[in-house]
Amino acid sequence: MREVEKAAAKSGAPFLAASAPLAEARVRWSQGFAALTRLAGLDAALASAKSGADTAFDASAFSRLKSERDALRRAIKTGAIWDDAAAS
């Protein structure tokens, strides 16, 4: 919860606005939570691959995961995850 609140505050999350309708705030909160959950999963997958836990290392898949993780981090940091296009 704290991570969602921190990321939300840094990126101007729309669900923090007092004037936001409850239904919209819930949808946007879920959107932020999903983004942070995905980011944590990508971080874990990359850490596992780096540690050699997965013996079938695929450099191409690693690169795709890293690109997705980095793009998601940027979207969270800049607030782009709240754009309607990013919500889909």
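When we follow this note's numbering, the leftmost residue of the sequence shown carries the number 43, and every step to the right adds one.
Glycine included, each C-beta is placed from N, C-alpha and C at the ideal position.
The model shown is predicted, which means the values in this text are computed figures rather than measured ones.
Contact between Arg70 and Phe57 holds: their C-beta atoms lie close to 4 Å from each other, under 8 Å.
Between the alpha carbons of Thr79 and Ala117 lies a distance of about 14 Å. Under the 10 Å beta carbon count, Ala89 is surrounded by fewer than 16 other beta carbons and is classified as exposed. Gly83 sits in a helix when the DSSP states are folded into three classes. Ala82 has its alpha-carbon roughly 21 Å from the corresponding atom of Asp125. One Cα belongs to Ala50, the other to Ala86, and the distance between them is close to 22 Å.
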